[in-house]
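Everything in the sequence shown is counted per numbering that gives the first Met the number 0, starting at 0 for the first residue and increasing by one.
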Amino acid sequence: MTNEKKTSTHKRSYSAVLLLLLLAAALLLSACGGADPKNTAGEPTQGTSGTQNAVADTERVEDTYRIEDDTTEASAADELHIVPTAASALKLVEKDTEAFTMQIPEGWEMRYGWDGEKMLLIRVYDPENPVNQIFYATDMVPFMKSQASADEYAVTGMTAFSEAPILDPPTNETLFRQIPKLRAYYSDTMKMKAAAEMIPEIYDFELLETLAADSAFNDGSLDDSILYGTFTTADGSVEGEGIGFASIVDLFGALPSPLSGVDLAYYNVYNFTIITAAKDEFVNYEKLLCQSFSSLSMKQEFIDQTLQNSAESFAALQKINASITASYYSYNAAWLGRSQSADIARQKWSDATLGYERVYDTDTGAVYKAYNGFTDEYDGSRYQPITDDMYAWGWSGYIEK
């Protein structure tokens, strides 16, 4: 096969996979360079492709509850000052765009963008604390295979490749450590500032746990693992933690340079997903954010426009969708089935450092962080110290003096 034919074949294969991906990603979610991205209506808002601002305030609301013992009249110790967490007050509301629908936490903002071909970006975040967030990208390219290949492109002046992030080795851990460079690449090299602003600030990433998951692309994926880790924002002022995963695919195989033999092909990253919250509070947000993420549903009109569906491609879609749906359940099972001993240890350390002790309401089962010394002062029976397994439940509020 001539080089021209090979290139044509690669392009057709590349286009087919890219077109099929959007609907495949939609099924995944419902189960749990170029121009700046723009919405399908072609009306960018506030420097992004689409922005929806919810109206509710997410600030914590203080309240005082009078707790009465079942057998005695309430004493001064039973009148507790409970401050609910921001997470406990959140509920999901439906958001409707020209491309998809999604339930997001009330009071949060949603930004989204599509480059008109293959890359759809969605970010949902808390405007009061943006580290509480969901990010999803259907497909992001290019990710170079080595510094040597980037250097070879640099000689030719092809900055779209020479300055791209490098996945060496091609793992999700490498990908997450490359997010600062990815943001700079889209902002400075590709001049896609709206896309760069939607990519979360994941700096100084520290991996805490890696969970294996079945591949959505069979043997074609180099890494589909789930990562759990901590990070800081760009200026280091806020710490966060959460989970993320992606599928790294070597779509083109090896394309050796005729001069040096260096592989000049690049990796694609599919289904790039990040779900995070403020450090030590992820346990409070995790369930709600995963529920929000799984509600994402692409509209048929958008799918038809993007895929230009045909009988031939529909048959391929059914096969790929089945694979990705199975992969979603693998992600979910891996996360729920992992050992939580490290999580419990981190939560205990956080409480000891910040001066809290945890108790639970024996009537409702709700867990609260109480000021240090609360159990020594409290003479009622309703609030009792938690057991170790309850550290994985999160907490509904704070008991303050």
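Backbone N, C-alpha and C define an ideal beta-carbon position, used for all residues, glycine too.
Remember, it's a predicted structure, so these values are computed and weren't measured experimentally.
Residue burial classification, residue i (beta-carbon count within 10 angstroms, cutoff 16)
i, result
"Phe244", "buried"
"Gln102", "buried"
"Gly241", "buried"
"Leu207", "exposed"
"Glu285", "buried"
"Glu108", "buried"
"Lys94", "buried"
"Gly49", "Note that Gly49 scores a pLDDT of 48, beneath 50, so its modelled location is shaky; the value from the coordinates is reported in the next line. Flag for Gly49 reads buried."
"Thr386", "exposed"
"Val54", "Confidence is the limiting factor: at Val54 the pLDDT is only 27, short of 50, which leaves the residue's position unreliable, though a coordinate-based value still follows. Val54 comes out exposed."
"Ala341", "exposed"
"Pro104", "buried"
"Asp218", "exposed"
"Glu151", "buried"
"Lys117", "buried"
"Gly239", "buried"
"Gly252", "exposed"
"Thr374", "exposed"
Start-to-end residues for the beta strand (DSSP E) that takes in residue i
i, result
"Phe230", "225 to 231"
"Leu174", "Premise fails: Leu174 lies in the alpha helix (DSSP H), 171 to 176, not in any beta strand (DSSP E)."
"Asp283", "Correcting the residue type first, residue 283 is Asn in the shown sequence and not Asp. No beta strand (DSSP E) holds Asn283; the alpha helix (DSSP H) holding it covers 281 to 293."
"Arg357", "355 to 360"
"Lys368", "366 to 370"
"Phe244", "238 to 248"
"Asp222", "220 to 222"
"Glu208", "202 to 210"
"Ile81", "78 to 83"
"Gln383", "382 to 384"
"Thr272", "265 to 277"
"Tyr397", "396 to 399"
Cα-Cα separation between residue i and residue j, rounded to whole angstroms
i, j, result
"Ala136", "Leu254", "26 Å"
"Gly364", "Thr188", "52 Å"
"Tyr377", "Leu353", "20 Å"
"Met197", "Tyr111", "8 Å"
"Leu26", "Met297", "Because Leu26 carries a pLDDT of 32, less than 50, the predicted location of this residue cannot be relied on, and no value is offered for it."
"Ala277", "Asp138", "26 Å"
"Asp234", "Asp360", "39 Å"
"Ser411", "Phe230", "Because the chain is modelled from 0 through 400, residue 411 falls outside the range shown and cannot be assessed."
"Ile398", "Ile81", "5 Å"
"Ala88", "Ala153", "52 Å"
"Leu79", "Lys400", "8 Å"
"Pro141", "Ile225", "21 Å"
"Gly228", "Glu200", "14 Å"
"Gln177", "Asp167", "10 Å"
"Ala351", "Ala149", "47 Å"
"Gly156", "Tyr202", "29 Å"
"Pro257", "Leu263", "10 Å"
"Pro126", "Arg357", "28 Å"
"Glu97", "Gln299", "10 Å"
"Tyr355", "Gln346", "10 Å"
"Asp303", "Lys192", "28 Å"
"Phe160", "Asn171", "20 Å"
"Ser380", "Asp362", "10 Å"
"Asn128", "Val261", "44 Å"
"Trp348", "Glu205", "17 Å"
"Pro179", "Ile273", "14 Å"
"Thr158", "Lys190", "12 Å"
Beta carbon of residue i nearer than 9 Å to that of residue j
i, j, result
"Tyr269", "Val248", "yes"
"Pro83", "Gly372", "no"
"Ile121", "Met143", "no"
"Ile343", "Asp279", "no"
"Leu174", "Phe271", "yes"
"Lys265", "Gln339", "Note that residue 265 is Tyr in the sequence shown, not Lys. Cβ atoms of Tyr265 and Gln339: not closer than 9 Å."
"Tyr382", "Tyr370", "no"
"Phe301", "Ile133", "no"
"Phe99", "Leu295", "yes"
"Ser236", "Ala147", "no"
"Leu119", "Gln290", "no"
"Asp222", "Pro169", "yes"
"Thr232", "Val130", "yes"
"Gly393", "Ala195", "no"
"Tyr184", "Ala163", "yes"
"Ser246", "Ser220", "yes"
Where the alpha helix (DSSP H) containing residue i begins and where it ends
i, result
"Ser256", "From DSSP, Ser256 is part of no alpha helix (DSSP H); its letter is neither H nor E."
"Lys192", "192 to 197"
"Thr374", "373 to 376"
Which runs of the beta strand (DSSP E), 3 residues or longer, sit entirely within the region 89 to 159?
91 to 95, 99 to 104, 108 to 113, 119 to 124, 132 to 143
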